[in-house]
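Each number in our numbering corresponds to the 1-based position in the sequence shown with 88 added.
Below is one structure, written out as C-alpha cells, with a few remarks after it.
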Amino acid sequence: MTRPPLRLSWGGSDNRLRTPDSRLRVSSRPSPSPLLTATAGRRSVPDVARLVPYPFGALVGRMFRELDETQAIFDLPARRFFLGDPAKDLGVSFHAHRASSPLGPAAGPHTQLAQNIVLAWLGGSRILELKTVQVRDQLEIPRPCIDMETVGFNIEWSQELSLHESLEEYVKGSMLVDLLVASGRLSLAPGFGHTMFDMSVGYDLEGIRSEPVQSFIRGMQDATPIVDRLRRQIPAGLRRYRDLDFRTRLSDTLTLSTFHGCPPDEVEAIVSFLLRDLGLHPVIKLNPMLLGRTETDRLLHDVLGYRDIEVPESAFERDMTWDQAAGIIDRLGRLASSLGRGFGVKFTNTLIVNNNRSFFPHTEKEMYLSGPPLHVLAMTLVGRFREHFGDRFPVSFSGGIDRANFPDAVALGLAPVTVCTDLLKTGGYGRARGYWEQLTSRMDAAGAATIGDFIVRAYGMGDEALGRLEIDVTSRLACRRALEDSGDLRAASGDGVYGRWVSEAALLNTRTYVERVASDPRYSRARHLRRPRKIGRRLQLFDCLSCDKCIPVCPNDANFTFVMPAMDVQVIKMHRGDAGWEASYGGTITIREDHQIGNFADFCNDCGNCDVFCPEDGGPYVLKPRFFGSLERWRASSLDGFHVGRRGPDEVIAGRFDGREYEVVAADDRLSYSGPGFSVRYDEEDPLGTIEGESSGEIDLTYAQIMNALRKAVLDPHTVNYVSCAVGGEWTQARAVSTKRA
Ligand code: SF4
Ligand code: SF4
Numbered sequence: 089m090t091r092p093p094l095r096l097s098w099g100g101s102d103n104r105l106r107t108p109d110s111r112l113r114v115s116s117r118p119s120p121s122p123l124l125t126a127t128a129g130r131r132s133v134p135d136v137a138r139l140v141p142y143p144f145g146a147l148v149g150r151m152f153r154e155l156d157e158t159q160a161i162f163d164l165p166a167r168r169f170f171l172g173d174p175a176k177d178l179g180v181s182f183h184a185h186r187a188s189s190p191l192g193p194a195a196g197p198h199t200q201l202a203q204n205i206v207l208a209w210l211g212g213s214r215i216l217e218l219k220t221v222q223v224r225d226q227l228e229i230p231r232p233c234i235d236m237e238t239v240g241f242n243i244e245w246s247q248e249l250s251l252h253e254s255l256e257e258y259v260k261g262s263m264l265v266d267l268l269v270a271s272g273r274l275s276l277a278p279g280f281g282h283t284m285f286d287m288s289v290g291y292d293l294e295g296i297r298s299e300p301v302q303s304f305i306r307g308m309q310d311a312t313p314i315v316d317r318l319r320r321q322i323p324a325g326l327r328r329y330r331d332l333d334f335r336t337r338l339s340d341t342l343t344l345s346t347f348h349g350c351p352p353d354e355v356e357a358i359v360s361f362l363l364r365d366l367g368l369h370p371v372i373k374l375n376p377m378l379l380g381r382t383e384t385d386r387l388l389h390d391v392l393g394y395r396d397i398e399v400p401e402s403a404f405e406r407d408m409t410w411d412q413a414a415g416i417i418d419r420l421g422r423l424a425s426s427l428g429r430g431f432g433v434k435f436t437n438t439l440i441v442n443n444n445r446s447f448f449p450h451t452e453k454e455m456y457l458s459g460p461p462l463h464v465l466a467m468t469l470v471g472r473f474r475e476h477f478g479d480r481f482p483v484s485f486s487g488g489i490d491r492a493n494f495p496d497a498v499a500l501g502l503a504p505v506t507v508c509t510d511l512l513k514t515g516g517y518g519r520a521r522g523y524w525e526q527l528t529s530r531m532d533a534a535g536a537a538t539i540g541d542f543i544v545r546a547y548g549m550g551d552e553a554l555g556r557l558e559i560d561v562t563s564r565l566a567c568r569r570a571l572e573d574s575g576d577l578r579a580a581s582g583d584g585v586y587g588r589w590v591s592e593a594a595l596l597n598t599r600t601y602v603e604r605v606a607s608d609p610r611y612s613r614a615r616h617l618r619r620p621r622k623i624g625r626r627l628q629l630f631d632c633l634s635c636d637k638c639i640p641v642c643p644n645d646a647n648f649t650f651v652m653p654a655m656d657v658q659v660i661k662m663h664r665g666d667a668g669w670e671a672s673y674g675g676t677i678t679i680r681e682d683h684q685i686g687n688f689a690d691f692c693n694d695c696g697n698c699d700v701f702c703p704e705d706g707g708p709y710v711l712k713p714r715f716f717g718s719l720e721r722w723r724a725s726s727l728d729g730f731h732v733g734r735r736g737p738d739e740v741i742a743g744r745f746d747g748r749e750y751e752v753v754a755a756d757d758r759l760s761y762s763g764p765g766f767s768v769r770y771d772e773e774d775p776l777g778t779i780e781g782e783s784s785g786e787i788d789l790t791y792a793q794i795m796n797a798l799r800k801a802v803l804d805p806h807t808v809n810y811v812s813c814a815v816g817g818e819w820t821q822a823r824a825v826s827t828k829r830a
C-alpha cells in the first residue's frame with residue numbers, strides 16, 4: 089500500500105516549522121498534492137519584525153552582478169526601468185533645484201531602505217521623499233500594517249530604523265544611484281540623472297529641535313564622513329569607484345509631517361524654525377480634514393459611495409481649519425520670501441478613518457486611508473487652495489496617483505507627484521513604467537516636448553491662459569502662432585512670459601480637472617470592491633503557484649526566488665542499536681517544483697502586503713523558508729528559519745525547526761550534522777553506510793536533508809539573492825563590470 093504523503097508544518101499556534109518525526113503527523117488521509125504543507129495562520133508577531141540594513145559592499149556587489157547576469161537590479165527587470173526619453177525634457181523645478189522628473193515615492197515604505205531608494209529611482213523617480221524620521225526612533229508598530237485588499241489603508245508610521253540607521257540608508261541609496269550613473273551601465277537619457285532627496289521629518293517642535301533629529305538633518309546636509317567610510321567598503325573588483333565624487337550634500341529641502349492634530353501655532357513655529365534656524369526649504373504636508381466634515385462626507389459618501397468609511401469627529405476637532413491653514417501659509421510664505429528660501433505645501437496626508445475592517449489588530453481604533461478616494465479629496469483641496477492663493481506657492485501632491493492620473497497631476501503643474509499605494513500593487517516599483525508610457529503618449533498627443541509645454545497644451549487651455557497675461561500685441565501673436573503651429577512655446581514667449589503662461593495654464597487645468605474628478609467613476613467605491621484573487625489553497629513551505637507576485641509587491645524586496653531541484657526526501661531516523669547504527673524509514677516528502685520562494689527576514693517588517701496579493705493563503709512571509717542575514721540575528725530571533733554562511737572553506741547552514749536548533753556543515757560531500765543531543769558525520773551520498781559520531785537518542789536526518797538542499801539552492805553560483813551575496817563576499821567583488829547596457 090502506498091503511504092500517504094508526509095506533511096511539514098511551518099507554524100501552528102506558535103509559528104514554528106515542524107518536520108515529520110516520530111511524533112509528527114503522518115497524514116492519514118490522501119492529499120491532493122504530496123507536498124510539504126504549512127499549517128500556520130497569520131503570524132501573530134511573536135518576534136518583533138525589525139528591519140536590518142544590508143552591508144553596503146554586498147549591496148554594491150549584488151547590484152552590478154545582478155545587472156550583469158540577470159539584467160535586473162534588486163529583482164526589478166531592466167525592461168521595467170524608466171531611464172528617460174531622449175526626445176523629451178521631463179524635468180521640473182523644486183525649490184529652485186532641477187530634478188529630471190516630477191515623479192517620486194512618497195515618504196513611506198518605498199523610501200525606507202537603501203535598495204528601496206534605488207528601485208524607486210530605476211522606475212523614473214527623481215524627487216524622492218525619504219521616509220519620515222522622528223526623535224522616537226524605536227517604534228513598535230502593530231502588524232500587519234498595510235491593507236491593500238481594496239482602496240488602501242495602513243497603520244504605518246515613521247521610519248522603523250533608528251535615526252542613525254536611517255541617515256546611513258539614505259546615504260547608501262544616494263551612493264548606489266551615483267554608482268549606477270557613473271558606471272555607464274544604464275542607457276540614461278541625457279539630463280535624466282538630476283535626483284533630489286527630500287527629507288521628511290516629524291512630528292513636533294520639541295522632537296525636531298532635539299539633538300538626535302538635528303544631527304540627522306546635519307548629516308543629510310553634509311554626509312561626507314559617512315560617504316568616506318562607505319566608499320572604502322566598495323568591493324575590490326569595483327575599486328575604481330572608491331574615488332568617485334559621490335554626492336555629500338544630500339538635501340536642503342524638507343517636507344514636514346506633523347501629527348494629525350498638531351496645533352496650528354506649533355506647525356507655524358516648526359516651519360519658522362526650519363526656515364530661519366536651519367536654512368531649509370520646507371513644504372508643509374496638509375491633512376485632508378481641511379475640507380471640513382460636510383464636504384468630506386459629501387464627497388466620500390454621497391459622490392463616491394464609500395458609505396462604509398467613517399471619519400471620526402475627533403479627526404476634525406484635532407486638526408486645523410481651512411482659515412487657520414490659510415493664515416499660516418500666507419505668513420510663512422512671506423517669511424520664506426524675506427529669507428530667500430523656498431516654501432510650499434503638499435496635498436495631502438492620509439485620511440484618518442475608523443478601523444472598522446478586520447484586517448488590522450482591533451487594538452487600533454483608527455487607520456489611514458489612501459488610494460482612489462483620497463485622490464478626489466486631495467485634488468479638491470488643491471483646487472480650493474489654488475482658488476485662494478493662485479499659483480503663489482508650489483504644490484506637491486500625494487493621493488491615489490496611478491498610471492491613468494499621473495499625466496493629469498503633471499498637467500496641473502504639481503511637483504513632485506508622489507506615489508505609494510499604487511506601487512504596493514502587483515508589479516510594485518515596475519508599475520511606474522506605465523506612468524511614463526501614459527505621460528509621454530499624452531505629451532506626444534499634445535505636441536509637447538517639455539513639462540512646461542505639456543501644462544500649456546494638455547487641456548487646450550493655452551490660448552485662454554495667454555489671454556490672462558498682460559503682454560504686448562506682438563508677443564501675444566507670436567505665442568498664439570507657436571501654440572497653433574506646434575512651435576516652441578518658450579522661444580516664442582521668452583523666459584519671463586513663459587513662466588507666467590505655464591502658471592496660468594496650470595491654474596486653468598486645475599479648475600478643469602477638479603470639476604470632473606469627483607464624478608469620474610474610476611474613483612467610486614463600486615470600482616474598488618474586488619479583492620485580489622485567492623484560489624482557496626494554503627501555502628506550503630515548498631511549492632506554490634509560482635506566480636512570483638510576492639516578489640515585486642514587497643517594498644523592501646524581501647521575498648526572492650531560488651532554484652532547488654525537485655526531489656523526494658526520504659524520511660530517515662537513525663539510532664544506535666546493540667549492533668551499531670540502525671535506520672527506520674517514515675515515508676517520503678515530495679518537492680515538485682524547482683522554482684521556490686524564500687523570505688529574507690532582515691528586510692521583512694511583517695507589513696503583510698505580500699499576503700494580500702499572493703493567490704494562496706497564509707502569507708509568503710509567514711510560510712515560506714525564512715533566511716536571516718546574520719548568525720547573530722538568527723540567534724536573537726525565536727522564529728524558525730535559517731542562516732547560511734561560511735566557516736573557513738566550509739558552508740554552514742543553521743536551522744531552527746519547531747524551536748529546536750540544528751546545524752549542517754558541508755565540507756565537500758561530507759556533512760557534519762548536529763542538534764539537540766547528537767553530533768554525527770556522514771557522506772551525503774551514503775548516510776547509512778558512513779555515519780559516525782555521538783547521539784543520546786534518535787536522530788532525524790530529514791532536517792539535515794532539507795537544510796542541505798536549501799544551502800545548495802541559495803548558494804548556487806548561478807543565483808543572485810541577498811543570502812548568497814552576503815555570504816559570497818569577494819566572489820561578488822572580483823567580477824569586472826561589463827560594458828553591457830541595460
Ligand atoms: S515580505 Fe511581505 S510582509 Fe515582509 S516586508 Fe515584504 S511585503 Fe511586507
Ligand atoms: S508565494 Fe504566493 S505570490 Fe509568491 S509565488 Fe507562491 S503563490 Fe505566487
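Even glycine gets a Cβ: it sits at the ideal position worked out from N, Cα and C.
Nearest-angstrom Cα separation, counted from residue j out to residue i
i, j, result
"Val808", "Ala742", "20 Å"
"Tyr291", "Ser634", "42 Å"
"Ala128", "Leu711", "Bear in mind that a pLDDT of 32 at Ala128, under 50, signals an unreliable position, so the model cannot answer this."
"Met287", "Ile787", "55 Å"
"Asp173", "Pro640", "24 Å"
"Thr336", "Gly307", "9 Å"
"Gly785", "Gly668", "13 Å"
"Glu749", "Pro764", "7 Å"
"Val315", "Phe144", "11 Å"
"Glu454", "Val441", "6 Å"
"Gly240", "Asp496", "21 Å"
"Lys637", "Pro376", "32 Å"
"Ser458", "Tyr611", "12 Å"
"Val701", "Leu527", "It should be noted that the sequence gives Phe, not Val, for residue 701. In a straight line, the C-alpha of Phe701 is about 27 Å away from that of Leu527."
"Arg621", "Pro703", "6 Å"
"Arg328", "Ile322", "9 Å"
"Ala654", "Trp722", "27 Å"
"Gln793", "Arg799", "10 Å"
Residue i beta carbon near ligand 2 (any heavy atom closer than 6 Å)
i, result
"Pro141", "no"
"Lys219", "no"
"Ile622", "One point to set straight first is that residue 622 is Lys, not Ile, in the sequence displayed. False, no ligand heavy atom lies under 6 Å from that Cβ."
"Lys513", "no"
"Leu629", "no"
"Leu191", "no"
"Asp636", "yes"
beta-carbon residue i near ligand 1 non-hydrogen atom, thresh 6 Å
i, result
"Gly196", "no"
"Ala646", "yes"
"Tyr709", "yes"
"Asp235", "no"
"Cys698", "yes"
"Cys692", "yes"
Local conformation of residue i per DSSP, three classes
i, result
"Thr384", "helix"
"Pro165", "strand"
"His183", "coil"
"His450", "coil"
"Thr528", "helix"
"Ser760", "strand"
"Asp286", "strand"
"Phe481", "coil"
Cβ-heavy atom distance, residue i to ligand 4, below 6 Å
i, result
"Lys453", "Summarising the ligand content, the structure contains ligand 1 and ligand 2 and does not contain ligand 4."
Residue i and residue j closer than 7 Å at C-beta
i, j, result
"Phe304", "Leu338", "no"
"Gly488", "His463", "yes"
"Ser189", "Gly212", "yes"
"Asp266", "Phe334", "yes"
"Asp479", "Ser345", "no"
"Leu368", "Leu374", "no"
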